[in-house]
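Heads up: the sequence shown begins at 1 in full-length UniProt numbering, then just goes up one per residue. Ideal Cβ placement from N, Cα and C applies to all residues, glycine included. What follows is a single structure, written as structure tokens, with notes after it.
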Amino acid sequence: MGKKIITTLALKNEEIQNFICCLKQNLENLEANSNRVQEDLESEFSSLHAVLDELKEGMVTRIKQERASRTYELQSQLSACTKALESSEELLELANQTLCSSENDSFTQVPVTMAPAFRLSLKAKASDSMNHMMVDFTQERKMLQAITFLPVPATPEINVAECQVFDNTITVVWTLPEPDSKIDHYILEYRKTNHEGSPRAREDYPWMVVEGIKETEYTLTGLRFDTRYMTFRVMACNKAVAGEFSELVTLETHAFVFKLDAGSAHQNLKVEDLSVEWDSSGGKVAVQDIRKEKNRTSSPMHSPARTAMMSPKRAPSARVGRDRFTAESYTVLGDAMIDAGQHYWEVRFDKESKVFAAGVALRSLGRFDQLGKSNASWCIHLNNWLQQSLTAKHNNKARTLDCPIPDRIGIYCNYEEGTLSFYNSRTKTLLHTFRTKFKQPVIPAFMVWNGSFSVQTGLQVPSIVLCGQKRNSNTSSSNASLT
Numbered sequence: 001m002g003k004k005i006i007t008t009l010a011l012k013n014e015e016i017q018n019f020i021c022c023l024k025q026n027l028e029n030l031e032a033n034s035n036r037v038q039e040d041l042e043s044e045f046s047s048l049h050a051v052l053d054e055l056k057e058g059m060v061t062r063i064k065q066e067r068a069s070r071t072y073e074l075q076s077q078l079s080a081c082t083k084a085l086e087s088s089e090e091l092l093e094l095a096n097q098t099l100c101s102s103e104n105d106s107f108t109q110v111p112v113t114m115a116p117a118f119r120l121s122l123k124a125k126a127s128d129s130m131n132h133m134m135v136d137f138t139q140e141r142k143m144l145q146a147i148t149f150l151p152v153p154a155t156p157e158i159n160v161a162e163c164q165v166f167d168n169t170i171t172v173v174w175t176l177p178e179p180d181s182k183i184d185h186y187i188l189e190y191r192k193t194n195h196e197g198s199p200r201a202r203e204d205y206p207w208m209v210v211e212g213i214k215e216t217e218y219t220l221t222g223l224r225f226d227t228r229y230m231t232f233r234v235m236a237c238n239k240a241v242a243g244e245f246s247e248l249v250t251l252e253t254h255a256f257v258f259k260l261d262a263g264s265a266h267q268n269l270k271v272e273d274l275s276v277e278w279d280s281s282g283g284k285v286a287v288q289d290i291r292k293e294k295n296r297t298s299s300p301m302h303s304p305a306r307t308a309m310m311s312p313k314r315a316p317s318a319r320v321g322r323d324r325f326t327a328e329s330y331t332v333l334g335d336a337m338i339d340a341g342q343h344y345w346e347v348r349f350d351k352e353s354k355v356f357a358a359g360v361a362l363r364s365l366g367r368f369d370q371l372g373k374s375n376a377s378w379c380i381h382l383n384n385w386l387q388q389s390l391t392a393k394h395n396n397k398a399r400t401l402d403c404p405i406p407d408r409i410g411i412y413c414n415y416e417e418g419t420l421s422f423y424n425s426r427t428k429t430l431l432h433t434f435r436t437k438f439k440q441p442v443i444p445a446f447m448v449w450n451g452s453f454s455v456q457t458g459l460q461v462p463s464i465v466l467c468g469q470k471r472n473s474n475t476s477s478s479n480a481s482l483t
């Protein structure tokens with residue numbers, strides 16, 4: 001019992017000692033912070049005095065300049081009037097002498113109207129009033145008297161109705177409860193999340209910070225929406241202190257995200273993340289093995305019909321080696337199916353590839369089938385073998401596309417409308433559109449021979465593509481024989 005009391009007292013003593021250390025540190029911090037803010041205050045008042053002194057000097061200079069200018073005008077006019085008065089007095093004396101002489105007729109010959117006094121303007125050229133130079137600093141004095149320490153900025157509120165999500169950008173808009181001229185800048189923080197409902201205080205993703213925002217809105221660009229939602233918060237800052245963060249707001253950033261299913265790839269395709277490169281030395285399959293595989297896939301257990309009966313809602317899992325595309329089907333599939341909605345992704349490919357194709361395919365696409373050569377796939381096809389051509393292919397029928405060959409293609413799929421469109425992703429020029437009716441979920445599909453390509457997912461449908469689709473909804477840009 002005694003040991004327990006001693007241990008308790010020792011812990012309490014240690015706790016008090018730690019608290020004393022904290023208090024001493026607080027005192028030191030208080031001294032340092034007080035000196036800092038006092039120096040800042042003196043510096044600000046010195047700056048204010050300097051502004052007032054400069055303003056005073058400028059206004060005094062203007063008064064002196066105005067006084068000098070008017071003094072010159074009035075003195076010049078005074079000098080002219082003095083000379084005119086002297087001349088007029090001489091003329092008056094001459095007239096009196098003439099009037100007193102015996103020859104009265106000569107009085108009429110005195111040149112009275114020629115006297116300078118009759119040519120003078122008897123109106124002052126400059127006013128003696130200086131009322132326009134008066135000042136009234138009543139309002140300014142009240143403002144100076146209202147000077148106080150900076151308050152903590154109010155908490156902003158994100159205006160969800162004004163926020164916009166499009167073209168892989170997010171524009172966040174917020175307001176303050178009342179205008180505050182002391183706000184210097186705003187700080188915006190955002191992070192990804194994968195759940196619906198109210199924002200959570202803790203997430204797996206870290207906050208990303210954008211500082212120094214001068215306006216009450218900010219646009220995040222170059223995003224990849226590999227999660228469905230993003231959470232935002234913003235706070236206001238003046239020169240001295242930051243306010244509280246706004247309430248968390250979550251915006252939906254839905255976009256089609258998939259990876260390449262390396263397990264489905266032909267053994268001559270080297271798959272790394274979302275990039276594929278032709279590898280002529282990769283996994284050569286003997287002819288007899290291919291024949292065995294053909295016999296196996298022709299059995300009822302592995303028939304395309306049985307494969308097509310699999311649940312369309314189940315995302316395709318990575319295929320084992322025996323299910324890889326083989327022979328001349330240098331193909332790889334995505335790992336996510338499309339069974340609803342509008343989706344967009346882009347693929348950049350080597351224009352020198354001997355063969356390249358990109359599009360969508362059904363799960364029933366045979367492992368020996370090349371893209372576009374059966375009714376289970378739709379694609380745009382580049383052929384550099386013998387001569388260069390770009391065609392749209394489906395069910396072994398092709399339509400030559402008369403357009404420059406891009407190095408980056410955007411693919412748009414509207415499952416409900418049965419629309420599959422291909423775009424030059426740099427100019428958003430429409431290359432071709434398939435119009436069909438998808439009876440099963442489709443999967444992004446790619447093929448390359450002696451070449452390479454890379455895929456970019458997590459993209460929203462560009463607004464220019466959506467507008468173009470609306471305009472073309474009543475027209476057909478595809479060959480009926482290809483649908």
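May I ask you to list the residues that DSSP assigns as paired with residue i?
i              : result
tryptophan 174 : Ile158
valine 135     : Answer is none; valine 135 lacks a bridge partner.
methionine 208 : Tyr190
lysine 64      : Answer by DSSP bridge pairing: none, since lysine 64 is not bridged.
isoleucine 443 : Ala361
alanine 146    : BP columns for alanine 146 are empty, so no partner.
valine 448     : Phe356
glycine 334    : Leu260
cysteine 379   : Gly359, Lys393
isoleucine 213 : Tyr186
histidine 343  : Cys413
glutamate 72   : Here residue 72 turns out to be tyrosine, not glutamate, going by the sequence shown. Paired residues: none, contrary to the question.
threonine 169  : Phe166
residue 489    : The chain is shown from 1 up to 483; residue 489 falls before or after that span and cannot be answered.
serine 275     : Glu272, Ser454
leucine 220    : Ile170
Based on Cα-Cα distance, which residue from the options lies nearest to residue i?
i                 : options                        : result
threonine 148     : Tyr186, Arg70, Ala240, Leu223  : Ala240
leucine 430       : Pro462, Tyr330, Lys439         : Pro462
aspartate 136     : Met59, Gln65, Cys163           : Met59
leucine 122       : Asn395, Thr169, Leu78          : Leu78
serine 329        : Phe368, Ser364, Lys351         : Phe368
glutamate 73      : Val165, Ala126, Cys22          : Ala126
leucine 390       : Met230, Arg233, Pro406, Glu211 : Pro406
glutamine 342     : Ala95, Ile443, Glu416, Lys393  : Glu416
histidine 432     : Pro441, Thr221, Cys403, Pro444 : Cys403
arginine 119      : Arg36, Gln97, Ser87            : Ser87
glutamine 145     : Gly410, Leu466, Ser374, Phe45  : Phe45
leucine 382       : Asp53, Ala392, Leu91, Ala10    : Ala392
phenylalanine 258 : Ser275, Asp128, Lys182, Leu9   : Ser275
phenylalanine 327 : Val448, Tyr218, Thr231, Lys214 : The sequence shown places alanine at residue 327, not phenylalanine. When each option's Cα is compared against that of alanine 327, the closest is Val448.
cysteine 163      : Arg363, Tyr218, Glu31          : Tyr218
methionine 134    : Val160, Glu66, Gln97, Ala80    : Glu66
glutamine 387     : Ala124, Lys351, Lys397, Ser364 : Lys351
tryptophan 207    : Gly222, Glu54, Asp279, Met230  : Met230
Hey, residue i and residue j: beta-carbon distance below 9 Å or not?
i                 : j                 : result
tryptophan 385    : alanine 361       : no
phenylalanine 434 : leucine 371       : no
serine 353        : asparagine 450    : yes
tyrosine 186      : valine 234        : yes
glycine 418       : lysine 437        : yes
valine 359        : phenylalanine 256 : For clarity, residue 359 is glycine in the given sequence; the question names valine instead. Not closer than 9 Å, so no.
threonine 253     : valine 165        : yes
residue 484       : isoleucine 409    : There is no way to answer for residue 484, as the model of the chain reaches only from 1 to 483.
leucine 248       : isoleucine 170    : no
aspartate 167     : asparagine 238    : no
tyrosine 205      : threonine 216     : no
aspartate 339     : proline 441       : yes
isoleucine 63     : methionine 143    : no
valine 209        : glutamate 189     : yes
Within 9 Å of any Cβ in chain D, is that where the Cβ of residue i sits?
i           : result
leucine 430 : Looking for chain D here will not work: only one protein chain is present.
Contact between the stretch 167 to 186 and the stretch 149 to 156: three or more CB pairs below 8 Å? yes
Counting pairs of beta carbons, one from the stretch 329 to 340 and one from the stretch 254 to 265, are three or more of them closer than 8 Å? yes
If you scan the stretch 385 to 440 from start to end, which runs of the beta strand (DSSP E) of 3 or more residues do you find wholly inside it? 389 to 394, 397 to 400, 408 to 414, 419 to 424, 429 to 435
Touch check for the stretch 441 to 456 and the stretch 347 to 360: three-plus C-beta pairs under 8 Å? yes
Counting pairs of beta carbons, one from the stretch 263 to 279 and one from the stretch 225 to 237, are three or more of them closer than 8 Å? no
Runs of beta strand (DSSP E) wholly within the stretch 224 to 272 (minimum 3 residues, chain order): 229 to 237, 249 to 252, 269 to 272
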